[in-house]
Amino acid sequence: MLNSFFDLQSIPPVWVQSAAVAIWVLLMLILAWVVNRVASNDPEVIRKIVHIGTGNVILLAWWLDIPPIVGITASIVASAVTLLSYQFPILPGINSVGRKSFGTFFYAVSIGVLIAWFWTLQKPHYAVLGILVMTWGDGLAALVGQKIGQNKYNVFGRQKSWEGSLTMAVVSFIISSSILVSVQGNLWQTWLISLTVALVATGLEVVSFLGIDNLTVPIGSAALAYVLSQLMGNV
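The C-terminal residue of the sequence shown carries number 235 in the numbering used here, and the numbering is unbroken.
Given below as structure tokens:
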């Protein structure tokens, strides 16, 4: 089981946990800044570096078993900073993607909501699942769709690509099944739940607007996995 693999003989003090999370996020922001300065003028690439890099902090939070107050506080601070960055150049290159979107703000909010919800239930793996589906599924789908997406379709006036949507579905399934199998075991119910989550997450991403998928995909994926697991008698 993944939990036993990650068990620490002694849980670090809260300040060490908080520092580890803060350092990881800071490193991702520095990486994005460096890439923006020396390697790429594409704001979408910069945004996805931050999107994928910072999203993985949820794994660090799970491993270190951080208190929920740390994650919730970090989410509130990040949400405030991202809101300010829409008016001031606090996070240059992150919110400038050539379209109106509040995705970065919704992303920070979703992390806080999921930590508050599933850390309290002592089932943090559902929060991890939701965030990583958004982190890797949506992150890679956007890059694939932008770079190699040739087969386009329109939903509510927004252009999507079948290549991007397929990437979202496949990556979401891999993320969901990896986490659920590690916690619940190799059961047929687990694979069915993972497939359902992947398809629903892809649907939520397809119909999103103004970046709201950064809220609906992680919360929807986590909630669906949790409810289906309860109904099927899984952990």
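The C-beta atom is built at its ideal place from N, Cα and C for all residues, glycine as well.
Since the model is a prediction, treat every value here as computed from it, not as a measurement.
- Secondary structure of Lys147 (DSSP, three-state): helix.
- Leu59 and Val128 have their C-alpha atoms roughly 7 Å apart.
- DSSP, reduced to helix, strand and coil, places Gln159 within a strand of the structure shown.
- As computed with DSSP, Asn154 is found in a beta bridge with Gln159.
- When the Cα atoms are used, Gln184 and Val197 turn out to be separated by approximately 15 Å.
- Between Thr202 and Ser172 a beta carbon distance of about 6 Å is seen, short of the 8 Å cut, so the two are scored as contacting.
- Residues Asn214 of the same chain have their beta carbon placed closer than 6 Å to that of Tyr107, with the five preceding and five following residues left out of the count.
- Taking C-beta atoms as the reference points, Gly211 and Phe102 count as a pair closer than 8 Å.
- In this structure, Ala141 and Thr167 form a Cβ contact; the two beta carbons are roughly 5 Å apart against a cut-off of 8 Å.
- DSSP, read as helix, strand or coil, puts Val207 in coil.
- In the structure shown, Asn186 falls within a coil segment according to DSSP collapsed to helix, strand and coil.
- For Gln230, the enclosing alpha helix (DSSP H) covers residues 213–231.
- In the displayed model, Tyr86 falls within coil according to three-state DSSP, outside both helix and strand.
- With a cut-off of 8 Å on Cβ pairs, the segment 117–125 is not in contact with the segment 74–82, counting fewer than three such pairs.
- When the five nearest sequence neighbours on each side are left out, no beta carbon in the same chain lies closer than 6 Å to the beta carbon of Arg158.
- Taking the Cβ atoms as the reference, Ala116 lies roughly 6 Å from Pro68, within the contact range of under 8 Å.
- Taking 4 residues as the minimum length, the alpha helix (DSSP H) runs contained wholly in the segment 107–139 are 124–132, in order along the chain.
- Sequence-distant Cβ neighbours of Val170 in its own chain, meaning closer than 8 Å and more than five residues away, are Ala198.
- The beta carbon of Asn151 lies closer than 7 Å to those of Ser161, Trp162, Glu163 in the same chain, with the five residues before and after it left out.
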